[in-house]
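Protein chains in written order, with the working numbering: chain R, 6 to 339; chain S, 6 to 339; chain E, 6 to 339; chain F, 6 to 339; chain U, 6 to 339; chain A, 6 to 339.
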């Protein structure tokens with residue numbers, strides 16, 4: 006079915022995107038189920054509008070177990086005043102709301118990974134319906150899009166803001182200027198190898214300036230990581246001309262993930278002993294983690310080695326590891 | 006039934022505690038269940054013995070989601086040679102083995118919290134049978150007991166080694182000398198208010214020198230925290246005279262948790278924004294965390310405040326919090 | 006794939022739709038699964054035929070937790086004699102049989118809501134295969150279709166029989182004459198806003214006279230509500246000319262659900278205190294329910310208000326409510 | 006262990022039972038678990054005190070799926086003013102709070118049926134700890150105890166208030182005067198055959214005046230049933246001299262359940278067709294329900310018959326029934 | 006609490022043990038739970054009595070996944086006529102009825118292994134209540150007890166009938182004469198090492214003649230194994246003088262399990278390749294199974310070796326094995 | 006989307022199909038999930054190549070609870086030397102690896118039945134991605150394909166090797182010559198009625214010589230059945246010219262399943278008593294099994310009868326049966 010034939014989204018917003026002022030409401034998504042025949046998913050949304058100007062679409066909780074974004078956006082939604090801005094700010098602190106409430110990466114309803122569900126379907130699963138609403142209703146309203154991520158319960162990242170290498174170099178330059186303004190401790194240029202189904206791709210293909218982050222992980226946030234997020238989003242809105250004034254810039258270190266050699270994988274299950282911490286550098290061939298089989302003592306652990314020189318920018322978080330898990334990711338300074 | 010009437014433990018070790026040399030084996034605990042009528046739980050154990058001398062009993066995985074102890078002990082079990090020691094080292098890297106394999110605090114078999122199950126029962130649940138075996142078979146063999154803990158998946162701690170204030174001051178002094186030798190970044194004097202069912206109490210009541218740790222948390226370990234554990238256990242064995250030589254001492258900071266005011270609890274569910282990080286100091290009444298209700302934007306968060314001046318030494322780890330969760334623990338320097 | 010290309014349904018009936026007499030059998034749907042590699046779903050079916058005449062297709066258990074229909078149809082299947090009728094009666098008391106056995110609205114196998122699964126797929130999930138069989142095999146045999154519904158475990162309805170406003174006014178008139186004959190305490194004219202995937206729509210688009218009911222709810226039935234169903238179905242067969250004689254008419258009250266304002270939704274989770282009961286009338290703005298947060302006393306409940314004048318014709322049933330649940334539905338007399 | 010040797014309850018109240026005024030707080034019960042190592046169960050409690058006078062202990066949610074009590078008590082806790090009373094009112098609207106939040110009869114934590122867990126244990130399961138706290142801390146404070154019940158998700162009752170036949174006839178008379186004052190549509194004299202572990206028994210054995218109710222069921226409440234509860238509890242407090250003024254009496258009908266013949270049980274699984282509704286009378290031997298096997302049509306249902314003459318005062322609620330379920334309960338007028 | 010103080014069993018039989026004739030009924034065990042507040046477990050029972058004579062108590066389904074016993078006993082209960090016997094036969098084909106319905110070794114309600122739950126408790130779990138009823142009500146009625154076992158889903162046995170070596174040699178001789186009469190292909194003399202909690206022990210300690218079987222396994226039965234059970238039970242009743250006539254004897258081979266060396270255990274998880282089949286003989290040290298780790302090819306399997314010369318009389322059944330599982334059991338001919 | 010438009014498979018092999026020698030590696034399938042954001046499924050694979058010659062693709066674990074194939078292929082992968090062969094052998098002992106680890110027929114991830122998932126999808130579920138990789142990457146490399154099956158946990162088969170009647174008679178003849186060489190006790194000619202989605206069909210439609218087996222069942226293997234598999238696969242490689250030498254032929258008995266009458270189904274739930282064992286012959290109308298309802302004694306079982314003369318070649322395995330289960334399959338000798 007071509008897009009023009011798609012039925013309307015079943016999602017009904019309780020806010021008016023064209024009204025000035027601050028509105029707190031919901032995206033109501035009807036969801037009939039065994040424990041509520043006429044139930045709905047209620048995704049919180051805030052719209053702040055003041056006259057003319059660009060629209061920023063700010064999202065957290067694309068994955069439900071990542072917390073810096075939701076913290077910064079619940080805070081921003083409550084504290085940003087209409088008179089502080091020129092244009093419009095649309096805030097959805099918990100995009101995949103069922104996953105956010107369940108504290109899981111994917112939706113407990115349909116196991117949907119929202120960031121692999123674009124462009125979505127109006128007659129699909131709950132996660133696909135959310136993707137479709139962003140695809141057809143919210144992204145078209147936006148000029149600038151910021152989607153917060155962190156490592157979630159199973160990964161941990163150096164804190165960075167990032168944008169993609171894209172064919173449209175004007176778009177790319179505007180995105181990197183927003184990354185610079187965000188002013189996280191690290192900044193990343195990303196070349197996405199497999200971008201199918203991502204929100205990022207959906208936004209970029211529509212010509213939107215798209216910025217994302219990875220700001221820690223482990224399914225927690227700290228005062229420091231939450232502070233980076235809170236300062237970064239206001240900085241970005243300043244750079245976009247929506248909040249007046251200059252971004253509060255601090256030093257950032259630019260990184261690059263050049264190719265597939267930056268990933269190291271586990272080939273067996275076990276107890277992981279990390280040998281390198283985030284931000285430390287390694288040489289190619291260095292042992293970066295050891296994996297002990299769980300069931301007996303006295304057995305040598307298997308070594309996981311770096312396949313390139315670089316800085317550890319992401320790592321497997323849980324104490325146990327399974328065959329096939331990504332154990333470490335390395336980046337190079339640029 | 007008095008202790009003398011207790012039936013024998015059903016656990017059969019495959020190692021001989023009185024034999025010299027290095028033995029890797031199992032504590033085999035018969036466990037009949039739907040998916041194995043004649044199955045067993047196999048708890049890995051290593052015994053290293055060389056002539057006469059004191060016995061150290063070293064344990065990790067008392068709670069199954071704490072990793073610095075198992076890492077240090079799987080490593081030690083594999084690398085410590087009989088000729089390096091005088092006396093005996095008994096190593097059980099994963100005491101509550103079913104919990105360790107499941108990566109959970111408590112046993113998936115019976116929900117047993119091993120550290121609240123002492124003295125255990127030979128005819129009880131699997132967790133109670135493990136406690137009973139330590140109570141009646143392993144603790145009596147020991148002179149010195151080190152039980153590794155960390156915060157697990159839901160708490161995060163400053164890294165410290167600790168011992169309890171106990172009535173027997175000779176015992177207490179020996180324990181604190183081992184804590185000093187362990188040489189973690191922090192050291193803690195603990196006055197346990199409710200010690201019913203703890204392994205600690207079982208050991209101390211038998212007159213054993215008992216030392217424990219909290220070395221991080223979140224259900225992960227880092228190269229740094231695993232390093233503290235690996236160095237600490239060898240230091241402690243040196244101080245105990247089992248490994249020759251002096252402990253490699255580095256600076257430690259002594260802390261104390263004076264009373265119940267050191268704990269701050271959540272009164273509602275929500276998204277937690279930490280306002281203070283581990284190791285930072287606060288004043289009484291200061292907001293240490295804010296809790297946002299999940300279901301709508303534009304609502305003020307509730308504040309959690311410190312009830313004493315102090316340093317944040319432990320915190321709630323997951324990004325979401327439930328009413329009744331301990332959010333923060335403060336300690337004072339001594 | 007166009008319909009002509011569809012593979013045959015995998016469902017094999019053990020009854021012969023063209024044979025005279027009473028046959029009790031099964032729709033056998035092969036369903037390979039972990040606990041039965043060569044298993045099947047066996048959906049009970051009764052076919053009663055006597056010479057020439059119209060065919061009625063009578064169904065219950067479209068949602069598995071609604072009971073008046075299955076009670077009336079198990080009773081009818083056992084007691085209706087071939088010689089009582091002219092034509093044919095096809096009875097499937099539990100359309101979504103896996104849901105019926107599980108006492109759930111949707112199928113425990115695939116979470117399929119049968120009434121949103123039409124036209125179905127012969128190579129789809131179990132629920133889609135059932136929909137496809139009705140779409141391509143049973144509906145084409147029918148002249149008149151009665152599909153019993155009630156509120157299920159999570160809604161409660163005033164007892165009514167209903168038909169839809171449809172473009173074909175001859176069809177509509179025939180449907181409403183059957184509703185009148187059914188003679189429930191209430192009768193409803195329904196204008197379905199979102200009819201995608203419904204059995205109703207599938208039948209009506211095929212030009213079948215389609216009648217449905219809502220006869221109570223809460224996942225139970227009473228002697229009274231079961232009696233309405235048992236009498237109603239025989240009345241309808243009389244009106245359709247399949248059973249001889251006149252319907253036993255009693256008074257019915259005609260209702261209408263005019264637009265979206267008839268629904269009231271919860272915006273938060275909590276304990277619901279209903280302020281109005283089924284059949285009572287309210288004025289626009291009146292508080293119809295109050296919702297107490299569960300976690301603390303002393304907090305004011307939030308009010309749910311009627312958005313129109315009307316009679317309460319359906320309500321949320323369980324004692325607890327979730328944000329997004331439909332709390333109340335109002336209708337107007339016509 | 007004798008009661009005097011029992012360790013103190015681990016439950017810490019955040020309210021002061023001896024302070025005048027209105028306090029809303031919690032019973033905090035430490036509960037260490039996989040998803041919160043230092044978590045707690047927080048049971049809401051309200052204490053309202055004004056000078057001298059008797060103490061009423063008012064409870065709902067003893068079973069977690071019964072709603073009239075919690076509605077009346079959340080309402081009362083919020084609206085009753087200290088100056089309205091003489092003495093003290095202690096309100097726990099959801100005794101078995103984990104069950105109440107889960108909307109289940111028993112606790113999801115330990116499957117504990119609180120009303121079969123008395124006197125409880127301070128070192129037992131969560132449910133046993135709650136029972137112990139009522140046994141040793143709250144019941145001793147009370148003169149009058151009202152414990153609200155309804156049928157829960159699986160039973161439905163005529164609305165009645167009740168007290169037990171007890172050996173102490175003075176106590177019994179005072180209880181029945183409170184039942185009369187409660188003024189439910191029906192009132193019941195109950196002779197408990199197996200009262201082991203009940204809260205009722207614990208209270209009565211301490212010499213407390215104990216009153217209970219059954220006010221509907223099915224896991225729901227109506228405006229009518231909630232109204233009975235709200236009016237009844239204030240009436241009872243008036244009769245007890247805690248609230249000034251006379252109870253608002255309306256007519257009640259006294260019933261009695263004479264012996265075991267008042268119960269009728271199912272001997273097979275199936276779909277239940279009720280033949281009698283609550284409040285209707287039957288003769289011994291009359292068919293009160295029929296049970297259809299689920300798996301095939303054309304089979305005769307099995308009959309369930311009354312074993313005495315009487316009025317249907319309680320019934321099985323769900324549409325499906327299992328062998329051994331109580332299908333119907335009959336009472337006689339007195 | 007001493008036995009004389011025990012409260013009465015809550016189980017109510019619907020049969021009269023003292024009445025002549027054939028009665029089919031239930032042991033009704035009240036079991037309140039979330040899905041049936043006033044529900045019961047209904048354990049089928051048949052009592053066949055004819056005048057004076059000994060009583061045989063015949064049971065199957067002690068473990069719920071063993072089928073030869075239930076098949077033989079459902080068959081016997083339906084076909085044995087009162088006039089065929091002298092005395093009484095009490096038949097409970099599915100002792101642990103909840104486990105039998107769930108097709109699991111232990112009860113799905115409480116994970117109770119009935120054969121480790123004796124003497125049970127009248128106020129314990131469902132499984133403990135069943136044990137208590139047999140202990141205090143049924144065993145005292147019996148002279149001869151036959152309890153059918155097979156290997157269940159996780160073990161497979163050579164088909165044998167067995168009795169224990171017991172101190173009372175008269176009792177032992179009577180038991181072995183019944184074993185001989187049962188006439189299974191194999192017969193076993195068993196010296197139980199750990200008999201705590203077994204039904205066998207409970208019966209023998211009461212001075213009852215106790216006989217048991219192992220008749221196959223894998224959670225299935227064959228025409229052959231069911232035939233052995235059906236013939237064996239009638240043979241045993243003949244030998245006991247309850248059915249007239251001589252047992253139909255066929256050849257049996259007597260076996261003995263001398264000591265703990267007859268068991269071989271797995272030390273790791275994996276895919277098991279059996280190297281020996283039931284009934285085959287091995288020499289000490291012979292490889293009887295090989296275990297392949299699941300996660301990679303090219304790795305040598307670990308060998309499991311026999312620790313004695315003997316015949317394979319039982320084996321691990323499932324294709325995968327876990328560390329600690331009993332892999333093989335060997336017996337010697339006597 | 007046409008096949009040429011399909012995106013590349015996300016599966017990355019760690020082996021080089023074109024390299025000579027023996028390689029043990031993995032098919033790495035990225036699988037992001039709640040417990041591993043950047044996790045993978047790691048399917049073990051072995052490639053053995055020596056110069057020119059045909060390629061055999063050997064698979065087990067298409068259904069995860071069938072064991073003869075995995076045993077034979079883990080053994081072959083470890084023991085077959087490159088110098089023994091001419092050509093190439095690709096071995097995947099556990100195609101549906103997640104199902105194999107879970108010991109279930111279908112994948113625990115997506116409930117996918119791999120053998121009904123062809124041709125698969127590169128952007129589908131995990132099971133569909135596996136199917137797609139075999140469809141587009143592995144099958145095109147093969148000349149000869151052997152896919153091992155057994156009955157799994159719920160069926161039991163006479164041990165046979167089989168090939169299909171296919172339109173291309175040259176292909177069919179080559180397949181049957183391989184079946185003959187495999188030399189199982191039985192050999193089967195199969196006419197697949199519904200072959201949609203099968204691996205068999207995918208291979209045959211590509212013109213590959215396809216051979217399969219059924220070698221027992223019940224979720225176990227025996228020394229005998231594993232031996233048949235191990236000998237059979239080497240025999241087949243000899244016949245295909247990949248291993249030098251002649252197959253070790255032993256006698257086989259050819260069977261045929263002529264039409265739908267070879268299947269007998271259960272119409273009700275219950276305890277199954279088999280009346281015939283595998284390999285025994287029956288006459289049409291003979292009772293082959295009896296089904297006892299579980300809930301009461303004294304009721305006649307329902308009979309399942311053969312619908313043709315023949316030999317029992319497959320049977321329902323578990324002791325309990327559900328309505329719709331295939332109870333027995335009969336074949337005729339050819």
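By construction, the Cβ of each residue, glycine as well, lies at the ideal position given by its N, Cα and C atoms.
Any beta carbon from chain U within less than 9 Å of residue 6/S's own beta carbon? Within the second chain, the letter at position 1 stands for residue 6/S. Because the pLDDT of residue 6/S is 35, which lies under 50, any placement of that residue in the model is unreliable, and the number read from its coordinates should be weighed accordingly. Chain U, which has no Cβ nearer than 9 Å to the Cβ of residue 6/S, makes this no.
Decide if the region 43 to 59 of chain R is in contact with the region 28 to 35 of chain R; the criterion is three or more beta carbon pairs, one per stretch, under 8 Å apart. Yes, since at least three Cβ pairs between the region 43 to 59 of chain R and the region 28 to 35 of chain R fall closer than 8 Å, the two stretches touch.
Proximal residues of chain F, C-beta to C-beta of residue 273/A below 8 Å: Along the sixth chain, read from residue 1 onward, the residue named residue 273/A stands at position 268. 300 and 301, listed in chain order.
Run through the region 49 to 82 of chain F for me and flag every whole beta strand (DSSP E) of 3 or more residues, listed as ranges in chain order. 60 to 64
Straight-line gap, residue 201/S to residue 122/S (C-alpha atoms, nearest Å): Counting from one through the second chain, the residue named residue 201/S turns up at place 196. Counting from one through the second chain, the residue named residue 122/S turns up at place 117. The straight-line gap from Cα to Cα measures roughly 9 Å.
Under 8 Å from the C-beta of residue 12/S: neighbouring residues of chain U: Taking the second chain and counting its residues from 1, the one referred to as residue 12/S is at position 7. Neighbours of residue 12/S on chain U, chain order: 201.
Are the beta-carbon atoms of residue 307/A and residue 320/A separated by less than 9 Å? Residue mapping note: residue 307/A aligns to position 302 of the sixth chain, counting from 1. Residue mapping note: residue 320/A aligns to position 315 of the sixth chain, counting from 1. In this structure, residue 307/A lies away from residue 320/A, with their beta-carbon atoms at least 9 Å apart.
Quick one: what's got a C-beta closer than 6 Å to residue 274/S's C-beta in the same chain, skipping five residues either side? Within the second chain, residue 274/S is the residue found at index 269, counting from 1. 327 and 328.
By DSSP, does residue 85/U sit in helix, in strand, or in coil? Indexing the fifth chain from 1 puts residue 85/U at position 80. It is coil, neither helix nor strand.
Find the residues of chain U that neighbour residue 118/F, judging by a C-beta separation of less than 8 Å, and give them in chain order. Within the fourth chain, residue 118/F is the residue found at index 113, counting from 1. By Cβ distance, chain U contributes 37.
Give me the Cα-Cα distance between residue 73/S and residue 189/S, rounded to the nearest whole angstrom. Looking up residue 73/S in the second chain gives position 68. Looking up residue 189/S in the second chain gives position 184. Spanning the two alpha carbons is a distance of roughly 12 Å.
Which residue from 86/U, 170/U and 63/U puts its Cα closest to that of residue 55/U? The residue labelled residue 55/U in the question sits at position 50 within the fifth chain. Minimum Cα distance to residue 55/U is reached at 86/U.
Between residue 305/E and chain S, is any beta-carbon pair separated by less than 9 Å? Here residue 305/E corresponds to residue number 300 of the third chain, with the count starting at 1. For residue 305/E, the answer is no, since every Cβ of chain S falls outside 9 Å of its Cβ.
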